[in-house]
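J.: Going down the list, the protein sequences come from chains L and U. The numbering of the first sequence is the numbering used here, which starts it at 12 and goes up by one. The numbering of the second sequence is the numbering used here, which starts it at 698 and goes up by one. Below you will find the structure I want to go over with you.
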Amino acid sequence: MTAKDNSDNPSTNSVAIPGNKVASLTDYNPGPGTYISGNSIFASLSGFIRTEPPIVLSEADEVQLPHIHIEMHELEKKCIPQSGSLVNARVISINPRSCKVSIIAVDNTYLKHTFRGIVRKEDIRAFQKDQVEIDKCYRPGDIIRARVISLGEALHYVLTTAENELGVIFAKGGTGVPLMPYNWEEMQCPKTGNTEYRKVAKVKEIIK
Amino acid sequence: MHTFYTTIPEQTHSWRTFDTNSASKNVSTPVRGDNDFRPVFFQLSAVSNARGSSYLEWGGNKILCSVFGPRENTLRRDEFSIKGRLVCEVSICPFSIPHTPNARQQSYIDTDRLSALLVSSLESSVCIDKYPKSQIEICLLFIETDTLSMSTAAVLSASLALIDARIEVWDITIACSCMIRSENSVKMDPSWSEITDSEYVGLLTLFYQPSLNVVSGVECEGELTNLQLVKGMDSCIEGCLQLKKYIEGKLKENILKSRAEK
Numbered sequence: 012m013t014a015k016d017n018s019d020n021p022s023t024n025s026v027a028i029p030g031n032k033v034a035s036l037t038d039y040n041p042g043p044g045t046y047i048s049g050n051s052i053f054a055s056l057s058g059f060i061r062t063e064p065p066i067v068l069s070e071a072d073e074v075q076l077p078h079i080h081i082e083m084h085e086l087e088k089k090c091i092p093q094s095g096s097l098v099n100a101r102v103i104s105i106n107p108r109s110c111k112v113s114i115i116a117v118d119n120t121y122l123k124h125t126f127r128g129i130v131r132k133e134d135i136r137a138f139q140k141d142q143v144e145i146d147k148c149y150r151p152g153d154i155i156r157a158r159v160i161s162l163g164e165a166l167h168y169v170l171t172t173a174e175n176e177l178g179v180i181f182a183k184g185g186t187g188v189p190l191m192p193y194n195w196e197e198m199q200c201p202k203t204g205n206t207e208y209r210k211v212a213k214v215k216e217i218i219k
Numbered sequence: 698m699h700t701f702y703t704t705i706p707e708q709t710h711s712w713r714t715f716d717t718n719s720a721s722k723n724v725s726t727p728v729r730g731d732n733d734f735r736p737v738f739f740q741l742s743a744v745s746n747a748r749g750s751s752y753l754e755w756g757g758n759k760i761l762c763s764v765f766g767p768r769e770n771t772l773r774r775d776e777f778s779i780k781g782r783l784v785c786e787v788s789i790c791p792f793s794i795p796h797t798p799n800a801r802q803q804s805y806i807d808t809d810r811l812s813a814l815l816v817s818s819l820e821s822s823v824c825i826d827k828y829p830k831s832q833i834e835i836c837l838l839f840i841e842t843d844t845l846s847m848s849t850a851a852v853l854s855a856s857l858a859l860i861d862a863r864i865e866v867w868d869i870t871i872a873c874s875c876m877i878r879s880e881n882s883v884k885m886d887p888s889w890s891e892i893t894d895s896e897y898v899g900l901l902t903l904f905y906q907p908s909l910n911v912v913s914g915v916e917c918e919g920e921l922t923n924l925q926l927v928k929g930m931d932s933c934i935e936g937c938l939q940l941k942k943y944i945e946g947k948l949k950e951n952i953l954k955s956r957a958e959k
C-alpha cells in the first residue's frame with residue numbers, strides 16, 4: 012500500500028498519511044516528517060509530499076540524491092527548545108547564583124505553553140565572568156533573549172546570554188516606563204533620565 | 698479541572714429515557730454479515746483550542762478526543778529523560794451510559810483502565826524521542842457509549858487526533874474487536890445484542906499498526922482455545938487492514954479538500 016503504487020490518480024499519490032511508504036532510500040534522502048525503515052522512506056506526518064533538488068557543494072562530490080519531505084505547517088516547525096536554539100524568556104526570579112526564567116518563544120515562534128529555564132551566573136556574560144552580580148544584570152519581569160546550551164536536568168533548560176546579541180531586550184524601570192538601552196550594561200529611563208544596570212542585548216533584527 | 702465519572706449520579710438520566718419517539722426505539726438494525734463493521738464516521742479538528750482533535754462515531758460510541766502539547770513535563774519527580782511522555786485522560790459524560798448498567802457493562806466503565814490501555818497501545822507508535830523532556834496529552838470524552846466497544850473506539854479516535862495534531866507517529870494505530878463463537882466462527886465488531894448470543898465464547902480486541910505490522914495490544918475475554926485465539930487474531934488483523942484502507946482514503950480526501958479550500 013505504498014503512495015507510489017496506490018492508485019493511478021496523481022492527486023492522491025502526492026499525499027501521505029503516517030505509515031505510508033513515500034519513496035525508496037536509493038532514490039531520495041529523507042527530510043522532515045519522514046523516517047527510514049529498512050530500505051524505504053516512510054511518512055511520519057500527514058500532508059503533501061514535496062521533493063527538493065540536491066544541494067551541490069562542489070562538482071567533485073559524488074552525485075547527491077534529491078530530498079523528500081512532508082510539507083510542514085507553521086505549527087510543528089519549532090515547538091520545543093533544542094540545544095542551540097534562540098529563545099525569548101521572561102525572568103521569573105533571581106538569586107545570587109542563578110536566575111530562573113520561563114521560555115515564551117523559540118526562534119521567533121510564540122509558544123502556547125511556557126518552558127522553565129535557568130541562566131547560571133557564569134553564563135550571563137563573556138566579559139569579566141567572575142565579577143558578575145546578578146541583580147545588576149537581570150530583574151524579575153525583564154524579557155531576555157538567550158541561547159539554549161543544553162536540555163539540562165529534569166526541570167530546567169540551561170540558557171546562556173554570553174554573546175553581544177543576547178541579554179535584556181525589554182525591561183521596565185522603577186516608574187513602570189520601558190527603558191531604553193544606554194550602553195552595554197546600562198539602560199536609561201526616558202522619563203526621569205535615571206540609569207539602571209542590565210546586561211543589554213545589542214538587537215540587530217526586529218523580533219516579531 | 699477534570700471530573701471523572703465511574704458511576705452515574707442519581708440526578709442524570711440517559712437521553713434514551715426521554716426518547717418517546719417509538720419509531721426510533723424500534724429501529725430495525727440492518728442485518729450485518731460476519732465480516733461487516735458497524736458504520737464508522739469521523740471528523741478532524743473538532744475542538745478549536747486543542748492542537749489537534751477528532752470526533753468519532755462508531756457503533757454506539759460518540760467520542761471527542763483532543764491532543765495538547767508538547768508541553769513541559771508536569772511530573773516533577775521524573776528524572777531527566779530524552780524521550781517525551783504520553784499522558785491520557787479519559788472522561789465519560791454521566792448521561793452517556795445506559796441508565797441502569799448491568800454488572801458487565803459496569804466493568805467496562807473504568808476510566809483508569811482505558812487511559813492505561815490508550816498509553817500502552819499508542820506509546821509504541823508515537824515518535825516520543827522527537828519531543829525530549831516534554832509531554833503530549835490526549836484527552837478523551839465519551840459523549841455516548843454502548844460500553845462494549847469503548848476501547849476500540851477510544852484508540853482509533855486518539856490515533857486520529859494525534860495525526861490531526863501533526864505529532865510525528867511511526868504509524869496509525871487501528872483497533873478492532875471480534876466475537877468468537879463456539880463453533881470457531883468469528884463475528885467482527887459485535888454489538889450488545891449480538892454478544893448475548895448463546896454461542897458466545899469470547900471477545901478479542903486487537904490494536905494493530907498496519908504499515909509496521911506490529912500488534913501493540915490485545916485484550917481478551919472468555920476462555921478461548923489456542924485455535925480460537927489464533928483465528929480471532931488473524932481476523933482482527935484482517936479487519937484492521939480493511940478499516941485502515943477506509944480511514945486512509947478519508948484522511949487523504951481531507952487533506953486534498955483542505956488544500957482546495959485554500
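Even for Gly, the Cβ is constructed at its ideal location relative to N, Cα and C. As the structure is a prediction and not an experimental result, all values here were calculated from the model.
1. Answer yes or no: does any C-beta atom of chain L fall closer than 7 Å to that of I833(U)?
2. Are the C-beta of S750(U) and some C-beta of chain L separated by less than 7 Å?
3. Kindly provide the ranges of any alpha helix (DSSP H) runs that are 4 or more residues long and lie completely inside the region 880–953 of chain U, ordered along the chain.
4. Determine the chain L residues that contact I860(U) at a beta-carbon separation under 7 Å, and present them in chain order.
5. Leaving out the 5 sequence neighbours to the left and right, which residues in its chain are closer than 6 Å to R822(U) when beta-carbon positions are compared?
6. Pull the bridge partners of V130(L) from the DSSP assignment, please.
7. Taking only runs of the beta strand (DSSP E) that begin and end inside the region 19–80 of chain L, which ones reach a length of at least 3 residues, in chain order?
8. Report yes or no: is there a C-beta of chain U within less than 7 Å of the C-beta of H124(L)?
9. Which of the residues in the region 892–923 of chain U, read from start to end, lie with their CB under 9 Å from any CB of chain L?
10. Could you tell me whether the region 870–890 of chain U touches the region 906–921 of chain U, where touching means 3 or more Cβ pairs closer than 8 Å?
11. Would you mind listing the alpha helix (DSSP H) stretches within the region 805–887 of chain U that are 4+ residues and don't spill past its ends, in chain order?
12. In the structure shown, what three-state DSSP assignment does K202(L) receive?
13. When DSSP labels each residue in this structure, what does R729(U) get in the three-state scheme?
14. Measuring only the C-alpha atoms, how far is V143(L) from V179(L)?
15. Alpha carbon to alpha carbon, how far is W195(L) from I105(L)?
16. Is I91(L) close to chain U? Criterion is C-beta to C-beta, closer than 7 Å.
17. Based on the DSSP secondary-structure assignment, which residues constitute the bridge partners of A100(L)?
18. How many angstroms separate the CA atom of V812(U) from the CA atom of F792(U)?
19. For L162(L), decide whether its Cβ has a neighbour in chain U, counting only Cβ atoms nearer than 7 Å.
20. In angstroms, rounded to a whole number, what distance separates the CA positions of G936(U) and S51(L)?
21. Is it the case that the Cβ atoms of E896(U) and R878(U) are separated by a distance below 7 Å?
22. Does any CB atom of chain L fall closer than 7 Å to the CB of R810(U)?
23. Mapping DSSP to helix, strand and coil, what is I145(L)?
24. With DSSP as the reference, identify every bridge partner of G178(L), one or two as the case may be.
25. If you draw a straight line from the alpha carbon of I154(L) to that of K215(L), how long is it in whole angstroms?
26. If I follow the unbroken beta strand (DSSP E) through M191(L), where does it start and stop?
27. Where does G756(U) land, buried or exposed, given buried means 16+ other C-beta within 10 angstroms?
28. What does a CB cutoff of less than 6 Å around T171(L) pick up in its chain, not counting 5 residues either side in sequence?
29. Could you give the DSSP three-state label for R748(U): helix, strand or coil?
T.: Short version:
1. no
2. For S750(U), no CB of chain L lies under 7 Å from its own CB, so it is not counted at the interface with that chain.
3. 889–892
4. I28, P29 and S57
5. Per the sequence shown, residue 822(U) should be read as Ser rather than Arg. Within the same chain, S822(U) has close Cβ partners V866, W867, D868, T870 and Q906.
6. According to DSSP, V130(L) bridges with C110(L) and L170(L).
7. 32–35, 45–48, 51–54 and 58–63
8. yes
9. Q906, P907, S908 and L909
10. yes
11. 808–819 and 847–861
12. coil
13. coil
14. 15 Å
15. Computed Cα separation, rounded: 20 Å.
16. yes
17. I114(L) and I155(L)
18. Position check: residue 812(U) holds Ser in this sequence, whereas Val was assumed. So the alpha carbons of these two residues sit roughly 20 Å apart.
19. yes
20. Their Cα atoms are separated by approximately 26 Å.
21. yes
22. no
23. helix
24. R156(L)
25. 16 Å
26. M191 to N194
27. buried
28. The residues are D134, R158 and I160.
29. coil
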